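Structure first, then comments.
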């Protein structure tokens, strides 16, 4: 067992406090400014008020942006769950030429800078597909989000498949169960926590994505991150942004919490 002297413990504690403060103090300032009685965001706040909460929660533009974010994230996650799981099974259960290359191509979108992915997809949609008469519109934004959401599901599922015991599936087949019954009763329950965790992480990643969305959102369409970015240029509306940011902080805790629970259940 590693033992640390008192000085080392104090130093590590101080570093931890500084790092946590750097991460969470700005969030605290945002939350407090959502209750700011002044018109301009700042610190310290002059007083407490619920005015900005009322304006933000009744703002139709914010409602539309929130709905767009939920729709895009939900559909992109649904695509990711299907495609990511199928890709994980294909790469784990079969050996074929170019397997490592396919694995690299699946993971590549999450490693590329978002601006590269956004520019590439925008050029494809407008300079290749549009001249051919194919207008992707709203679906183009969903497809763009699905490209990196697939990676989250794929990584979680394939990691679990590598740890699964194939003898259970063989025993199920020996006892007369078909492929579908074996998958439903034996295979899926074993990788279900990883499947759920990947889906939750994919939804969270899509919900707050902004760089790729800037390049692929159709004109006049805003997701919640885009709405926040646009409102930041209006000083008198920044406190509404603080309200929405506070709500997003709270909502973001939900998928992260359940994802961690699912991952712990998988270990």
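Numbering (full-length UniProt numbering), first residue to last: 1 to 267.
Just so it is clear, CB atoms sit at the ideal spot from N, CA and C, and this is done for glycine as well.
Keep in mind it's a predicted model, so treat the numbers as computed, not measured.
Return helix, strand or coil for residue i, following the three-state DSSP convention.
i: residue 207; result: helix
i: residue 48; result: strand
i: residue 36; result: strand
i: residue 183; result: helix
i: residue 269; result: Past the edges of the chain, shown from 1 to 267, lies residue 269, and the structure says nothing about it.
i: residue 95; result: coil
i: residue 222; result: coil
i: residue 108; result: helix
If you count every other CB in all the chains shown that lies within 10 Å of the CB of residue i, and 16 or more means buried, which is it?
i: residue 170; result: exposed
i: residue 260; result: exposed
i: residue 111; result: exposed
i: residue 27; result: exposed
i: residue 239; result: buried
i: residue 109; result: buried
i: residue 41; result: buried
i: residue 167; result: exposed
Alpha carbon to alpha carbon, how far is residue i from residue j?
i: residue 182; j: residue 234; result: 57 angstroms
i: residue 185; j: residue 173; result: 12 angstroms
i: residue 92; j: residue 187; result: 13 angstroms
i: residue 216; j: residue 208; result: 15 angstroms
i: residue 82; j: residue 53; result: 38 angstroms
i: residue 250; j: residue 21; result: 18 angstroms
i: residue 164; j: residue 67; result: 38 angstroms
i: residue 11; j: residue 24; result: 20 angstroms
i: residue 88; j: residue 155; result: 8 angstroms
i: residue 39; j: residue 248; result: 21 angstroms
i: residue 16; j: residue 5; result: 17 angstroms
i: residue 128; j: residue 121; result: 10 angstroms
i: residue 160; j: residue 194; result: 7 angstroms
i: residue 113; j: residue 136; result: 23 angstroms
Going by C-alpha distance, which of the options is nearest residue i?
i: residue 190; options: 206, 73, 157; result: 157
i: residue 115; options: 40, 8, 80, 144; result: 144
i: residue 79; options: 49, 202, 241; result: 202
i: residue 228; options: 161, 65, 155; result: 65
i: residue 60; options: 27, 13, 38, 223; result: 223
i: residue 43; options: 125, 29, 34; result: 29
i: residue 241; options: 200, 34, 18, 72; result: 34
i: residue 243; options: 147, 18, 57; result: 57
Does any C-beta atom of chain B lie closer than 8 angstroms to the C-beta of residue i?
i: residue 203; result: Included in the structure is just one protein chain, with no chain B present.
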